[in-house]
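Numbering (my numbering), first residue to last: 252 to 642.
To keep things clear, I will list the structure first and then write my remarks on it.
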Amino acid sequence: MPSPPGKPRWADAVALAAALILALGAALPAWAHTLPGEEHADPEIFLGWRAWLHLTIQWGHLTAFAFWLGATQGAWLLGVGRLDGLLLAAWPLLLVLLLTGSYNMEYSAGIAPTPSLLNLAEVSRAPFGVTYSVALAAKLGVYGLALLYTLVVSVLHLRGRIAATRLRRAYLAGASGLGLALVVLTAVVLLLHEAADLYPTALHPFGGRLGPEPPASVGVPGGQVASEGFAILLQGPALAAIGLRGLHLLGFGLWLGLMALGLNVSQLPLGRLVAWAWAALGIQLLSGAGQLVTWVPFAVLPLPSNLEALRHFRFGVTYTHLFTAKLAVAGAILLATAGLTLLARRTALAPDRPSGRLPRALFALNLALGLLLAYLVVMLLLVHEGVDHAL
């Protein structure tokens, strides 16, 4: 329904904002080249088409998993979405995960030899090589189960011998469980990747940070340090880091999936969707605050107020700019979700009042912000890895 004469076209304005956000994301390479080249800040990390191709593949891997996880769990929580649509959305996302994951195995693994259970003699020479390979194999195994489970449900649905509603419930329950397992294993693999990058420096929650004092090393007597092997996964700081990373990924995936459902499903409970969206954002905020202690590689927070202290560390300036940009986009997401909350309240108070295209425009704005945030995250991860190699 068009807006009344003289009234602002809110839907058009929000849709334009979403388009501008996507344009801003496309301009990230140009922005990265303007990052100041102070001492130890290395802007060359973002030069060349290969670097941006690598970042885009990483971004595709992150967003494909987030969409699959969030849409599956969101559809289960809200009771929306037909099985046909869910399966049609799942297959492209799972195939993107397969392609980008294959690239990661070859060009972005945490150890120099290709991690494989068939090559343990070689990977055992790398720090955390066996532990990393086993964790990665477990993750690949669960991913294979997700593919097989989706294939079985697709075949049963095409044969039509089981009611679609019953099959839908089974698919969503099983896929959600496998998704949660992948979240945990992804967090484990990321921790071990970081441990291999940092070795012999200790993990960040064990004191391996850049700061006034030298970073702790693995095996320092009397210190709170990590030991190589599977035992690291049972230590308190490592468990906290795994839990916080897993929760952060879960919250982001659920929020992004809910926004995708809101954009593509015509009839859905807007109030319940907004409530779950805020729950997902709350998980991200709390786990993000915790990761300031367990994940940030500097002894001081990478904020503009600390830029002078961070200027003396390798990648300190670049890391701070990216981290600040990530926080700014996260703030914009909170505002956009607040807009959805106001709309849901208005709809609840006046259900007969048409909303027009405004809900879809707000969902599109949130999605655009989420995609931009994901790209900033993979940029930050690349710089983070550079800091780890410098420690």
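Where is the CB? At the ideal position from N, CA and C, for every residue including glycine.
So, at 8 Å on beta carbons, what are the nonlocal neighbours of Ala424 in its own chain, with the 5 sequence-adjacent residues on each side left out? Trp327
Option nearest Val634 by Cα separation, candidates Arg596, Ser538 and Pro548: Pro548
Keeping to the same chain, check which residues put their C-beta closer than 8 Å to that of Leu348; ignore five residues upstream and five downstream. Short of 8 Å from the beta carbon of Leu348, and not among the five residues preceding or following it, lie these beta carbons of its own chain, in chain order: His312, Ala315, Phe316, Trp319 and Tyr394.
When the Cα of Leu627 is compared with those of Leu298, Leu436 and Thr307, which residue comes out closest? Thr307
Would you mind reading off the limits of the alpha helix (DSSP H) that contains Ala302? Trp300 to Leu329
Might you give, ordered along the chain, the residues of its own chain that have their beta carbon closer than 6 Å to the beta carbon of Gly470, omitting 5 neighbours on each side? Below a pLDDT of 50, predicted positions are generally treated as unreliable, and Gly470, at 44, falls in that range; no measurement from the model is reported.
In or out: Leu624 buried (at least 16 other Cβ within 10 Å) or exposed? buried
Thinking Leu498 and Ser538 are a contact (beta carbons under 8 Å), I'd like their distance in whole angstroms, please. 4 Å
Just confirm the distance between the C-beta atoms of Gly513 and Phe614, as a whole number of angstroms; I'd bet it's less than 8 Å. 4 Å
Out of Gly361, Asn370 and His305, point me to the one whose CA is closest to Leu350's CA. His305
Whether Pro366 touches Tyr354 by CB criterion (9 Å): no
If you check the beta carbons only, do Gly352 and Leu391 fall under 9 Å apart? yes
Contact between the segment 484-504 and the segment 512-528: three or more CB pairs below 8 Å? no
Under a three-way DSSP split, which group does Thr452 fall into? strand
Please report how far the alpha carbon of Gly541 lies from the alpha carbon of Gln535, in whole angstroms. 10 Å
Residue span of the alpha helix (DSSP H) that contains Asn355, given as start and end: It spans Leu334 to Tyr358 - the alpha helix (DSSP H) in which Asn355 sits, taken as one unbroken run.
For Leu561, which residues in the same chain have their Cβ closer than 8 Å to its Cβ, ignoring the five residues on either side in sequence? Phe549, Val551, Pro553, Gly567, Val568, Tyr570 and Thr571
Same chain, Cβ closer than 8 Å to Gly637, five either side skipped, listed in chain order: Asp293, Ile296, Arg565 and Phe566
In the DSSP output, what is Leu461 paired with across the bridge? Phe549
Assuming contact is defined by CB atoms lying nearer than 9 Å, are Leu436 and Ala389 in contact in what I supplied? yes
May I have the straight-line CA-CA distance separating Gly411 from Leu631, to the nearest angstrom? Using only the alpha carbons, I get a separation of about 47 Å.
What whole-angstrom Cβ distance do Gly361 and Gly504 have, given they're in contact under 8 Å? Not really, about 22 Å apart at Cβ, beyond 8 Å.
Using the beta-carbon count (16 or more within 10 Å), is Asn617 buried or exposed? buried
Local Cβ density within 10 Å of Gly332, reported as buried at 16 or more and exposed below that: buried
Can you grab the Cα-Cα spacing for the pair Arg597 / Trp506, in whole Å? So the two alpha carbons sit approximately 22 Å from each other.
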